[in-house]
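The numbering used here runs 10 ahead of the 1-based position in the sequence shown.
Here is the structure we will look at, set down as structure tokens.
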Amino acid sequence: MKCFERLVMHHIKSAPPSLDPFQFAYRSNRSTDDAIATALHSALTHIDKKDSYVRMLFIDFSSAFNTIIPQQLIHKLVELGLNTSLCNWLLDFLTGRPQAVRVGSNTSSTITLNTGAPQGCVLSPLLFTLLTHDCTPSHNSNLFIKFAYDTTVVGLISNKDETNYRSEVSHLAGWCSDNNLSLNVEKTKEIVVDFRRAHTQHVPLTINGATVERVSSTKFLGVHITEDLSWTDNTAALAKKRQQRLYFLRKLRRARALPPIMYTFYRGTVESILTSCITVWYDACNASCRKTLQCIVRAAEKIIGVSLPSLQEIYGTRLTRKALCIAGDPTHLSHSFFSLLPSWRRLRSLQARTSRLKDSFIHQAIRKLNLLPNLRPRPSSAPGTTEL
Numbered sequence: 011m012k013c014f015e016r017l018v019m020h021h022i023k024s025a026p027p028s029l030d031p032f033q034f035a036y037r038s039n040r041s042t043d044d045a046i047a048t049a050l051h052s053a054l055t056h057i058d059k060k061d062s063y064v065r066m067l068f069i070d071f072s073s074a075f076n077t078i079i080p081q082q083l084i085h086k087l088v089e090l091g092l093n094t095s096l097c098n099w100l101l102d103f104l105t106g107r108p109q110a111v112r113v114g115s116n117t118s119s120t121i122t123l124n125t126g127a128p129q130g131c132v133l134s135p136l137l138f139t140l141l142t143h144d145c146t147p148s149h150n151s152n153l154f155i156k157f158a159y160d161t162t163v164v165g166l167i168s169n170k171d172e173t174n175y176r177s178e179v180s181h182l183a184g185w186c187s188d189n190n191l192s193l194n195v196e197k198t199k200e201i202v203v204d205f206r207r208a209h210t211q212h213v214p215l216t217i218n219g220a221t222v223e224r225v226s227s228t229k230f231l232g233v234h235i236t237e238d239l240s241w242t243d244n245t246a247a248l249a250k251k252r253q254q255r256l257y258f259l260r261k262l263r264r265a266r267a268l269p270p271i272m273y274t275f276y277r278g279t280v281e282s283i284l285t286s287c288i289t290v291w292y293d294a295c296n297a298s299c300r301k302t303l304q305c306i307v308r309a310a311e312k313i314i315g316v317s318l319p320s321l322q323e324i325y326g327t328r329l330t331r332k333a334l335c336i337a338g339d340p341t342h343l344s345h346s347f348f349s350l351l352p353s354w355r356r357l358r359s360l361q362a363r364t365s366r367l368k369d370s371f372i373h374q375a376i377r378k379l380n381l382l383p384n385l386r387p388r389p390s391s392a393p394g395t396t397e398l
């Protein structure tokens, strides 16, 4: 059944002509890196201005897949242009599902489910993204960053006026109610990014009468983000995971595993964690954080007995690859930042007042491409776009 679901998923992904550009899941050339980079670039660009700050709300849904109303979902799929036969199949797939619970030799009576999407099935996350495609901000000063069922509201606030932000959150709560989605306010967190010198007491945010907890640090699509937008907490979390994984690497050496086997284990269990979303945070890290992470690589080198690529090398390679992908993809949300100068030989640099913004992904990506000696961008057929 899962194989057939993958075939259906491929067909669904190719059918809608356009979806919310701020939904980064299940789209080619998109990843959590892009979602995080978009949120941070918007926030950093805004706070680069005077008398401005950012409030970021990390939404948590209660049993999101279990509350989907199939008929409501199918209505939205029809509006997106999916053919009737496919919609009828999906409706049949989501309704009339028998369910029972078995504990040992005891089995409960069977009930029939007509709401929600099956847990663990291939289609459920994609169907949820299609259900939420019309969940978009009503004010230009707000962003909804979405990756599958992870939703983050970014409020760009100027002159202490939070009217649009609070109205947006209220609008989101109403949209959730209309679409039978339940907000888990207890697990929903908020971060306020405010670098203004004048200390301001920020009024707590409330959703449906419940106060949202304001935190100094939280996890955002796999990385730890803080209210000062430093990466110390993220580095500490990565370093904390090293001991257990290096322990198993040492166990492999004691078992006289061959270096290629240990290297494969390192790539899958250590390097994959250290380099997760590295294009977003590595250049913004301070020297101490980079040294801490590189020490883990050196420790693994001694255990395996072969030279390993440094984090700086991995970062440079991935930054170049990601920048080329975005610059060559006119449908990417960040593509517009990669604009050519009149000479057609370099990309236009972005202005930044603070080092925080200069060290962010978009700025670093443009600088990286401009340093490539053999890179010669050429004008695209579409005005104002770039092909590489």
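The beta carbon of each residue, even a glycine, is placed where N, CA and C say it ideally should be.
Taking 8 angstroms as the cut-off, decide whether the C-beta atoms of residue i and residue j are in contact.
i	j	result
threonine 245	leucine 303	yes
serine 353	isoleucine 376	no
isoleucine 78	threonine 125	yes
alanine 297	aspartate 369	no
glycine 133	glutamate 15	Sequence check: residue 133 is leucine here, not glycine. Yes, Cβ-Cβ distance for leucine 133 and glutamate 15 is below 8 angstroms.
histidine 212	valine 203	no
phenylalanine 34	serine 41	yes
alanine 53	valine 64	yes
valine 163	glutamate 178	yes
glycine 165	serine 151	yes
lysine 378	leucine 343	no
leucine 29	histidine 143	yes
tyrosine 257	isoleucine 314	no
serine 119	alanine 127	no
proline 147	phenylalanine 157	no
alanine 337	leucine 191	no
leucine 141	leucine 83	yes
aspartate 70	threonine 198	yes
serine 227	histidine 234	yes
leucine 50	proline 80	no
With H, G and I counted as helix, E and B as strand and the rest as coil, what does DSSP make of residue i?
i	result
proline 313	Going by the sequence as given, residue 313 is isoleucine instead of proline. Helix at isoleucine 313.
isoleucine 79	coil
glutamine 129	coil
alanine 74	coil
arginine 224	strand
methionine 19	helix
serine 192	strand
valine 213	coil
threonine 117	strand
glutamine 361	coil
leucine 381	helix
leucine 318	coil
tryptophan 241	coil
arginine 266	coil
threonine 285	coil
histidine 143	coil
lysine 251	coil
aspartate 102	helix
histidine 373	helix
lysine 12	helix
serine 24	helix
proline 135	helix
leucine 92	coil
Taking DSSP's pairing of strands, which residues face residue i in a bridge?
i	result
leucine 123	Arg107
lysine 447	Any answer about residue 447 is impossible in this case: the structure gives the chain only from 11 up to 398.
valine 164	Met66 and Leu153
arginine 112	Thr117
glutamine 33	Lys156
leucine 4	No statement about residue 4 is possible, as the shown extent of the chain runs from 11 to 398 and does not include it.
In terms of residue numbering, what span does the beta strand (DSSP E) encompassing residue i cover?
i	result
lysine 156	152-157
valine 202	199-203
Whole angstroms are fine: how far does the CA of residue j sit from the CA of residue i?
i	j	result
leucine 381	arginine 355	11 angstroms
leucine 268	leucine 318	15 angstroms
tyrosine 325	tyrosine 292	7 angstroms
glutamine 43	alanine 265	Note that residue 43 is aspartate in the sequence shown, not glutamine. Cα to Cα, aspartate 43 sits roughly 37 angstroms from alanine 265.
alanine 362	histidine 21	42 angstroms
leucine 136	threonine 289	26 angstroms
asparagine 218	alanine 183	7 angstroms
threonine 210	glutamate 281	41 angstroms
alanine 392	arginine 107	For alanine 392, the predicted model reports a pLDDT of 48, less than 50, meaning its position is unreliable; a value from the coordinates is still stated below. Their Cα atoms are separated by approximately 48 angstroms.
leucine 367	phenylalanine 205	13 angstroms
asparagine 98	leucine 123	17 angstroms
arginine 112	asparagine 76	20 angstroms
leucine 231	aspartate 160	8 angstroms
threonine 285	leucine 259	18 angstroms
aspartate 339	leucine 96	29 angstroms
arginine 37	lysine 23	8 angstroms
Kindly indicate the opening and closing residues of the alpha helix (DSSP H) around residue i.
i	result
glutamate 178	173-188
valine 290	288-291
cysteine 335	321-337
histidine 56	42-57
proline 270	269-276
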